[in-house]
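Single-structure report; data block below.
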Ligand SMILES: C[S@@+](CC[C@H](N)C(=O)[O-])C[C@H]1O[C@@H](n2cnc3c(N)ncnc32)[C@H](O)[C@@H]1O
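Numbering (UniProt numbering), first residue to last: 1 to 207.
Structure follows, in structure tokens:
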């Protein structure tokens with residue numbers, strides 16, 4: 001990804017004209033990968049969706065009966081578009097939307113979530129290096145309720161190779177991307193399941 005993907009000005013320019021775009025995977029495909037996690041949750045489960053862009057992923061949550069979703073992006077145009085997309089599909093807005101910078105998340109001080117999800121937001125943030133990603137990791141950890149997990153989609157096979165990561169990482173799915181020629185190498189998109197690490201007492205540790 002070019003370095004600009006971490007800059008809010010890049011996304012503001014882009015969302016001035018872009019009204020609908022899905023990074024890495026269509027939401028309909030991604031939600032199928034996430035389905036096992038969703039099915040383990042009650043309908044009133046608290047979901048935090050970070051870096052919504054102009055994706056319609058939030059509508060797939062609502063269509064499956066999960067409306068207690070907080071959708072955030074640091075670019076207000078994305079947040080406005082998220083609301084519009086929900087209204088277009090359902091006729092009203094039940095989910096919540098907010099402007100938040102994922103590298104400075106303080107939401108965890110006010111509320112906790114059973115599932116945190118991002119679809120390639122980790123990739124955009126990583127364009128500025130590992131420190132912003134580390135800050136996102138700490139913020140997400142702080143947002144998770146006991147038993148909560150983070151599901152993250154990335155193009156990178158090594159996205160969470162971070163020293164001191166406060167999560168155990170499992171690959172939930174690797175999706176082979178389409179090839180232009182049969183001889184092209186295999187390239188995958190990676191869906192990670194991150195569970196807070198347990199400390200020596202067996203309790204999920206603090207980050
Ligand atoms: C690669 S796009 C993914 C958009 C959407 N999730 C999708 O799958 O189509 C990255 C998104 O993350 C947002 N973003 C980038 N850095 C962010 C940050 N520090 N805090 C919150 N959102 C951020 C951008 O505004 C953009 O909407």
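Just so it is clear, CB atoms sit at the ideal spot from N, CA and C, and this is done for glycine as well.
In the structure shown, residue 68 adopts coil according to DSSP, grouped into three states. Within its own chain, the residues whose Cβ lies closer than 8 Å to the Cβ of residue 59, once the five positions on either side in sequence are excluded, are 27, 85, 86, 89 and 90, listed in chain order.
In the DSSP annotation of this structure, the continuous segment of the beta strand (DSSP E) that includes residue 170 starts and ends at 167-176. Not one heavy atom of ligand 1 lies closer than 7 Å to the C-beta of residue 84. DSSP places residue 14 within a helical segment (H, G or I) once states are collapsed to three. The stretch 123-138 makes contact with the stretch 146-159, as at least three CB pairs between them are under 8 Å. Proximity of the beta carbon of residue 100 to ligand 1 is indicated: a heavy atom of the ligand is located closer than 7 Å. Taking residue 97 as the centre and dropping the five residues before and after it, the same chain places the C-beta of 71, 79, 82 and 83 closer than 7 Å to its C-beta, in chain order. Rounded to whole angstroms, the Cβ separation of residue 65 and residue 113 is 17 Å, and the two are not in contact under 8 Å. Residue 189 and residue 174 have their alpha carbons spaced roughly 6 Å apart. Counting along the chain, residue 90 sits inside the alpha helix (DSSP H) bounded by residues 76-90. Taking residue 53 as reference, the option from 135, 36 and 18 with the minimal CA-CA separation is 18. According to the DSSP secondary-structure assignment, residue 98 is paired through a beta bridge with 72. For the set 15, 34, 197 and 93, the Cα lying nearest the Cα of residue 146 is the one of 197. Closest option to residue 144, judged by alpha-carbon separation, among 183, 111 and 31: 111. When secondary structure is reduced to three states using DSSP, residue 161 falls in the coil class, being assigned neither helix nor strand.
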